[in-house]
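2 protein chains.
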Amino acid sequence: MKATTPRKSGDKQAREPLDFERPLSTVDVVIFAVRGSALQVLLVRRPSDVSDPYPGLWALPGGFVDIARDRDLEACALRKLREKTGVDAPYLEQLGSWGDSARDPRGWSATHVYFSLVAPDAVGLTAGGNATDTRWFTIEGDLVEETLAFDHASLLKAAVSRLRSKVEYTSLPAFLLPQEFTLTELQRTYEAILDRTLEKKAFRTRLLTADVLYPVPRRKGGANRPAQLYRLRRRRQPHLFARPFGSAPGVS
Amino acid sequence: MKATTPRKSGDKQAREPLDFERPLSTVDVVIFAVRGSALQVLLVRRPSDVSDPYPGLWALPGGFVDIARDRDLEACALRKLREKTGVDAPYLEQLGSWGDSARDPRGWSATHVYFSLVAPDAVGLTAGGNATDTRWFTIEGDLVEETLAFDHASLLKAAVSRLRSKVEYTSLPAFLLPQEFTLTELQRTYEAILDRTLEKKAFRTRLLTADVLYPVPRRKGGANRPAQLYRLRRRRQPHLFARPFGSAPGVS
DNA sequence: CTAAGTAATTGGCATAGTCCCACTAACGAG
DNA sequence: CTCGTTAGTGGGACTATGCCAATTACTTAG
Chain A
403 MKATTPRKSG
413 DKQAREPLDF
423 ERPLSTVDVV
433 IFAVRGSALQ
443 VLLVRRPSDV
453 SDPYPGLWAL
463 PGGFVDIARD
473 RDLEACALRK
483 LREKTGVDAP
493 YLEQLGSWGD
503 SARDPRGWSA
513 THVYFSLVAP
523 DAVGLTAGGN
533 ATDTRWFTIE
543 GDLVEETLAF
553 DHASLLKAAV
563 SRLRSKVEYT
573 SLPAFLLPQE
583 FTLTELQRTY
593 EAILDRTLEK
603 KAFRTRLLTA
613 DVLYPVPRRK
623 GGANRPAQLY
633 RLRRRRQPHL
643 FARPFGSAPG
653 VS
Chain B
403 MKATTPRKSG
413 DKQAREPLDF
423 ERPLSTVDVV
433 IFAVRGSALQ
443 VLLVRRPSDV
453 SDPYPGLWAL
463 PGGFVDIARD
473 RDLEACALRK
483 LREKTGVDAP
493 YLEQLGSWGD
503 SARDPRGWSA
513 THVYFSLVAP
523 DAVGLTAGGN
533 ATDTRWFTIE
543 GDLVEETLAF
553 DHASLLKAAV
563 SRLRSKVEYT
573 SLPAFLLPQE
583 FTLTELQRTY
593 EAILDRTLEK
603 KAFRTRLLTA
613 DVLYPVPRRK
623 GGANRPAQLY
633 RLRRRRQPHL
643 FARPFGSAPG
653 VS
């Protein structure tokens, strides 16, 4: 069953490094989107083959590092992201790594976890995965309704926590929207992630004085006053605000 | 030379997971201390044996994950920390992981990087490493004067950057001091890490209203007015301030 | 054509933490 | 006692925010 050759020596001093039995190395990706004012995460169903661990359960998209194909860990994460969503250049950030002897029944394993933000209109759930084994789940609290495979519930929890804390002082939510959006749409996105309301005036002045957006000539019409459309100035990395939302001097 | 059995199949659909050749898995630890108003990092010299990569160069303390001894990644990091410094319960936090095909000449490798803050009085450079192959180096900018092995210069750079950014809005520097310290000593520690001065008044009111410290009866005497000594209230995890230092409304 | 309805956007004021700077307090040395 | 030094406090100016209300720009019902 073992793919590695277990010939670790017990000699502590003159141990040859390559004698160590190697842990399994995987990459998992937590893919977030906001759809209909709800924060959602993309999950895939594990094969029902009983020879696989956690057959039929939902899990984060991921898999083994393929040292022949993946130049580095991030490339591996991007590959898995593209395989599932077809998205090419999303926001992608490393969350951390988790490794221990018990998380995978196949042996000591370490997973490198990334999290990604995608705009809902950019995602086409791809060919390979038919609709029944790849699905969006709404985040409730910091979990989803389903029981997840492996330790993915805690990975998800960590990802939600990191997302929420970064949203407090960055422009991250803009990566969850299409290229052009209104300030109100952006605010609703913040609110969907943070699960609380923000002050309209403070939100607007903050975003507009930070010089992260620029207005486009068109406006978004509807049954009422049309809203100014904006675009992100640099759509690669988020802007860091000097202080988090809702931490005014006037607030104890 | 290979410890793993390279029998990866080229078949993309029915690939057996355990057929993947496994990357090397290591853990590295960036150990920080402030000594004499300078931020320093602990490095070890690699063996001069030419069969090892980067012989004789300085590197971050670290090594292969030992799946027989290490319950999880953090335990592995703690083990390496204890082996080098004798410190038992320091501040330890994961920084992230780096993995690619080129960073280690022995093959595709991934390292899990932790960073740790230790109080200088708690450290005794231990037995195993004699003074010539374990040493503190002063951080200059975000590097040290020496050329480091592997990609450790960029790992160090990332660690310094993370430390600096967290110091802006947490009580982390308190973990670099002995149990009892004065507010001025704490402020000097902040300043040593950030490499800039902070406002005395703002610093004091911030720390004291945050309820992270408590005064101890003794005071620290000297040739001038004695200073109040304080201790950390919870010495396990740092306090998060509502906003970073130096981001007053009165500052554009 | 007008009034009502709705969402976008702006105005105005009190608040409270920071910055800046100066002042007072406590101690040893000479 | 005076001087030098460090600890610690006082007070005013500044400004992003919270809060609330007013104004603007539309569509649609009547």
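These protein sequence lines map, in sequence, to chains A and B. Quick note, our numbering runs 402 ahead of the 1-based positions in the first sequence. Quick note, our numbering runs 402 ahead of the 1-based positions in the second sequence. Even for Gly, the Cβ is constructed at its ideal location relative to N, Cα and C. None of these values were measured; they are calculated from a predicted model.
- Just measuring C-alpha positions, the residue of A:Tyr-592, A:Thr-549, A:Glu-542 sitting nearest Leu-579 (chain A) is A:Tyr-592.
- In its chain, beyond the 5 residues on either side, no residue has a beta carbon closer than 6 Å to the beta carbon of Thr-549 (chain A).
- Distance check between Thr-536 (chain A) and each of A:Asp-502, A:Leu-462, A:Ala-551 places A:Leu-462 closest, using alpha-carbon atoms only.
- If one requires a minimum length of 3 residues, the beta strand (DSSP E) runs lying completely within the region 508-566 of chain B are 511-519, 536-540, in chain order.
- Gln-581 (chain A): not part of any beta strand (DSSP E); DSSP gives it neither H nor E.
- The three-state secondary structure of Tyr-592 (chain A), taken from DSSP, is helix.
- Taken in chain order, the complete alpha helix (DSSP H) segments of 4 residues or longer contained in the region 453-502 of chain B are 475-487.
- Here the C-alpha atom of Ile-433 (chain A) lies approximately 33 Å from the C-alpha atom of Pro-507 (chain B).
- Of the other Cβ atoms in all chains shown, fewer than 16 fall within 10 Å of the Cβ of Thr-540 (chain A); this residue is therefore exposed.
- Counting only the Cα atoms, Pro-619 (chain B) lies some 48 Å from Ala-551 (chain B).
- For Arg-636 (chain A), same chain residues with a beta-carbon under 8 Å away, outside a window of 5 residues either side, are Val-614 in chain order.
- Secondary structure note for Phe-434 (chain A): its beta strand (DSSP E) is the uninterrupted segment 426-437.
- Residue pairing of Leu-615 (chain B) in beta bridges, as defined by DSSP: B:Leu-634.
- In this structure, Gln-589 (chain B) sits near Leu-600 (chain B), with a CB-CB distance shorter than 8 Å.
- Below 8 Å, enough C-beta pairs join the region 511-526 of chain B and the region 483-501 of chain B to call them touching: three or more.
- If you draw a straight line from the Cα of Thr-607 (chain A) to the Cα of Thr-572 (chain B), it is about 27 Å long.
- Considering only B:Phe-583, B:Pro-425, B:Asp-430, B:Leu-596, the residue with the shortest C-alpha distance to Tyr-632 (chain B) is B:Phe-583.
- Under a 10 Å Cβ-count criterion, Asp-430 (chain B) is classified as buried, with 16 or more other Cβ atoms of the shown protein chains found around its own Cβ.
- For the region 450-477 of chain A, the beta-carbon criterion of a distance under 7 Å to any beta-carbon of chain B is satisfied by Phe-466, Val-467, Asp-468, Ile-469, Ala-470, Arg-473, Asp-474, Leu-475.
- Ala-625 (chain A) and Gln-442 (chain A) have their alpha carbons spaced roughly 29 Å apart.
- Going by C-alpha positions, Gln-639 (chain A) is about 10 Å away from Ala-576 (chain A).
- Note that the C-beta distance between Asp-468 (chain A) and Phe-422 (chain B) is below 8 Å.
- Put simply, the CB of Pro-646 (chain B) is near chain A, with a gap under 8 Å to one of its CB atoms.
- In the three-state DSSP reduction, Ala-604 (chain B) falls in the helix class (H, G or I).
- Inter-residue distance for Leu-585 (chain B) and Asp-472 (chain A) is about 50 Å (C-alpha atoms, whole angstroms).
- Going by DSSP, Arg-598 (chain B) is part of no beta strand (DSSP E) at all; its letter is neither H nor E.
- A straight-line Cα-Cα distance of about 35 Å links Arg-437 (chain A) and Leu-565 (chain B).
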